[in-house]
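K.L.:
In this note's numbering, the protein residues as written are -12 to 441. Positions of the beta carbon are idealized from the N, C-alpha and C atoms, including for glycine. Here it is: the structure, laid out below.
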Amino acid sequence: MSLCADVTVESFLRDITEPDGTLNLAILKKLGGGGTHDIYKSEKHPELLLKVMRDTIGHDRAELSEHLQTLGEQCAVLYETFGSSRCIVEERSIQSLKLSDANDSPKIAIVSVVPFDPCFESKEKFGFNVKSAELDGILIESKRYLYGKINRSLLGNAEDPSPYVMRNYPLLNKTFESIFKLLDTDESLVVAMREFLTKYKSFYQKTGILLDTIGFDNVLFYKVEDVWQFKLGSVIKHDTGALTKKMLDEMTQNPAAATQSFKAFTSIYFMPACIRALNACAAKVGMEKIVDDIILDEKISNALAKIHLQLEKSSQIINYAEHGKFVKALELYRHLVPDGKSDETELRDFMGTLYWDYIKKGGEASSREEVDAYLKILRDERNTFPEFRQAMVKEAIEGLEYKILSIDRGKSATFHKRSSSQIQFFDPRTKRPDESDKQFVSRLGRQVTQNKKY
């Protein structure tokens, strides 16, 4: 289906429009969404999704009009460069929204109605999903030599990455281990990857914009009749080569700058990782670097290796839990002083569900007290888990309860799947679906005052 099906789109909007012209989102089902959008679905029109640009809600109409025009011009270049068939085309507009059943006054925002693309239902698919090593202090410290060598090779002046770099790059970004293996054996994927990288380079040279490959499945590779294809979603954000260079230079003088705005945060924590992935994949398929004008010299690379120290304690606690260091994570949690700006629900969520995942897969608890402590973290009365996490948390609570019972009975637990739900872990170092830019920076870095211009 395409957006040319105006009757269907008009019918969709008509069904949720109040007499005063306001879109009533309260009658739609809110989905998990992404880092920058709230996504809604109508049971009557399951083939369409309504997307709301979260950080445009409530802004001045003149500001939004300017932002909408700029975004439209950028997307036009994107569609021209990649081809509209390679993009999930969005037609955006400014709408008045009723966000809930409460008596809150309507707010204006930029929204779009888009078709649910069948590529997401492909049986064989993977996202070009970059993970930031800079957010993983334990990884960086354990791979410090490799980190520096990979930076010099993929973001330095070296011409061709060495076999050592290409062999070990996935240690900094495990997502690409399986992608590299596929590229070794599937020529169709090599062709698709070359096309994506070639067009990315062309778009970057035209606009200076660095596309968002951090967002989950923003770039999706999928198979159609044994031939690999790819499609781009919401990949245009605020990141540019010029901004990244500026913020990396500033970071070497003032590391705290990394968490002083969302733009600074993504430039420092995300963009080096995205460029490493692009250039590593280019080398893998026999191409030159895709982004070659952002150079990490020794000074910048060394500063980046320490930038994880600027993250909040809660982020560092999750980092220990991700690496299976649950004793240390619990110790730090017990000494955590809440900042008063957050109830730390997400921290407790990830601590408890990561611990349960470890136990479920056969990991050994250090003591009954440890299991009980993690169970209490999930049961904390302050927790307000979002709907899309509740099934995962419920499974973790039930599993840890069973673990304690088995310890008390003197038996070792054998865990079986107790329900049809699957724990789906969202990388806690990326934006959660119901989190704004400001909340994200506040959680991972330091609370900032953000004056964003649209």
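Mind checking who D25 pairs with in its DSSP beta bridge?
P.N.:
D25 pairs with V39.
K.L.:
Assuming A229 and G195 are in contact, meaning their beta carbons sit under 8 Å apart, how far apart are those beta carbons, in whole angstroms?
P.N.:
With 8 Å as the limit, A229 and G195 qualify as a contact, their Cβ atoms being about 6 Å apart.
K.L.:
To the nearest angstrom, how far is it from the Cα of K293 to the Cα of I127?
P.N.:
Computed Cα separation, rounded: 8 Å.
K.L.:
Would you be able to state if there are at least three C-beta pairs under 8 Å between the region 188 to 205 and the region 215 to 227?
P.N.:
Yes, the region 215 to 227 touches the region 188 to 205.
K.L.:
Using three-state DSSP, classify G114 as helix, strand or coil.
P.N.:
It is a strand residue.
K.L.:
Run through the DSSP bridge pairs and tell me what K210 is partnered with.
P.N.:
DSSP lists W215 as partners of K210.
K.L.:
List the DSSP bridge partners of K80.
P.N.:
Checking the displayed sequence, the identity of residue 80 turns out to be Ser instead of Lys. Its beta-bridge partners are V98.
K.L.:
When the distance is taken between beta carbons, is E34 closer than 9 Å to F103?
P.N.:
Taking 9 Å as the Cβ cut-off, F103 and E34 qualify as a contacting pair.
K.L.:
Tell me whether the region 257 to 270 and the region 309 to 316 touch, counting them as touching only if at least three CB pairs, one residue from each stretch, are closer than 8 Å.
P.N.:
No contact exists between the region 257 to 270 and the region 309 to 316.
K.L.:
In the DSSP assignment, find the alpha helix (DSSP H) that holds Y320 and state where it starts and stops.
P.N.:
From DSSP, the alpha helix (DSSP H) with Y320 extends over F313 to R321.
K.L.:
Mark F208 as exposed unless 16 or more other C-beta atoms lie within 10 angstroms of its C-beta, in which case mark it buried.
P.N.:
It is buried - the Cβ of F208 has at least 16 other Cβ atoms within 10 Å.
K.L.:
Identify the residues that DSSP records as bridge partners of N370: which are they?
P.N.:
N370 is not bridged to any residue.
K.L.:
Taking just the CA atoms, how far does I14 sit from L0?
P.N.:
Roughly 12 Å separates the two Cα atoms.
K.L.:
What does I196 pair with, by DSSP beta-bridge criteria?
P.N.:
Answer is T227.
K.L.:
Name the residue from E333, H295 and I391 whose alpha carbon lies nearest to the alpha carbon of F375.
P.N.:
Out of E333, H295 and I391, E333 has the C-alpha closest to the C-alpha of F375.
K.L.:
Check the C-beta distance from A308 over to M153 and give it rounded, since I have them as a contact under 8 Å.
P.N.:
That belief does not hold up - the Cβ atoms of A308 and M153 are roughly 31 Å apart, past 8 Å.
K.L.:
Identify every residue that forms a DSSP beta bridge with N11.
P.N.:
N11 pairs with K85.
K.L.:
Find the nearest neighbour of I255 within the set V272, V324, S119 and S393, judged by alpha-carbon distance.
P.N.:
Ranking the options by Cα distance to I255, first place goes to S119.
K.L.:
Rounded to the nearest angstrom, what separates I346 and N144 at their Cα positions?
P.N.:
So the two alpha carbons sit approximately 45 Å from each other.
K.L.:
Do you know how far the Cα of R321 is from the Cα of S408?
P.N.:
Model confidence at S408 stands at a pLDDT of 39, short of 50, so the residue's coordinates are unreliable; what they give is reported in the following sentence. Cα to Cα, the separation comes out at about 30 Å.
K.L.:
Roughly how many whole angstroms lie between the Cα atoms of F107 and M180?
P.N.:
So the alpha carbons of these two residues sit roughly 18 Å apart.
K.L.:
A400 to Y342, Cα distance in whole Å?
P.N.:
For A400, the predicted structure reports a pLDDT of 46, less than 50, and the residue's modelled location is therefore unreliable. A value from the coordinates is still provided. So the two alpha carbons sit approximately 15 Å from each other.
K.L.:
Throw me the rounded Cβ distance for the F217 and F183 pair, which I believe falls under 8 Å.
P.N.:
Their Cβ separation, rounded to whole angstroms, is 5 Å, which keeps F217 and F183 in contact under 8 Å.
K.L.:
Can you give me the C-alpha to C-alpha distance between T185 and V380, rounded to a whole angstrom?
P.N.:
So the alpha carbons of these two residues sit roughly 42 Å apart.
K.L.:
According to DSSP, simplified to helix, strand and coil, what is K130?
P.N.:
Note: K130 maps to coil in three-state DSSP.
K.L.:
Taking just the CA atoms, how far does K31 sit from E(-3)?
P.N.:
The alpha-carbon atoms of E(-3) and K31 are separated by roughly 13 Å.
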